[in-house]
Amino acid sequence: MNHRFNLSDFRSVLKTVHLGMQKIVGEARGSCVSFTPRKVLEFGGVDTTAPVALTLVKHILERLVEAGLMQRDDSRARTRYVLCKNSPL
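Heads up: the sequence shown at position 20 corresponds to 52 in our numbering, and the numbers run straight through without jumps.
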């Protein structure tokens, strides 16, 4: 299911990120899952060709890292975000 979301409506972006993360975690087989902003949008059902969409998702994920709800793994070429079982999310 691909759909476009309104980039000017931040609540729409938040809902898409929530849906994407929910699907990623739902399909996880271990105690931690790692993903990129692009993967969050793909699982949220959004066409990921717009760079501004990826930037908005990255902003949301960075805020979750700052709040201590998840971790950032920047040991690779692309930054990945890690969500573990012990997170309140």
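For every residue, glycine included, the Cβ atom is placed at its ideal position computed from N, Cα and C.
Check whether the region 94-111 touches the region 73-82, counting contact only when three or more Cβ pairs, one atom from each stretch, lie closer than 8 Å. Cβ pair count under 8 Å is below three, so no.
Host alpha helix (DSSP H) of Ser66 (start-end): No alpha helix (DSSP H) contains Ser66, which is instead part of the beta strand (DSSP E) from 64-67.
Secondary structure at Leu88, three-state DSSP: helix, strand or coil? Leu88: helix per DSSP, three-state reduction.
Check each candidate in Lys90, Leu86, Thr48, Ser44 and name the one with the smallest Cα separation from Phe75. Of Lys90, Leu86, Thr48, Ser44, the residue nearest in Cα terms is Thr48.
Use the C-beta contact count for Gly52: other C-beta atoms within 10 angstroms, 16 or more gives buried, fewer gives exposed. Using a 10 angstroms sphere on the CB of Gly52, the tally of other CB atoms reaches 16 or more, which defines it as buried.
Who pairs with Asp105 in a beta bridge, going by DSSP? Asp105 is bridged to Arg112.
Take Leu93 and list the residues in its own chain whose beta-carbon comes closer than 7 Å to its own, dropping the five residues that flank it on each side. These residues qualify, in order along the chain: Pro69, Tyr113.
Buried or exposed by the 16-neighbour rule on C-beta atoms within 10 Å, applied to Ala85: For Ala85, the number of other beta carbons within 10 angstroms of its own is at least 16, and it is reported as buried.
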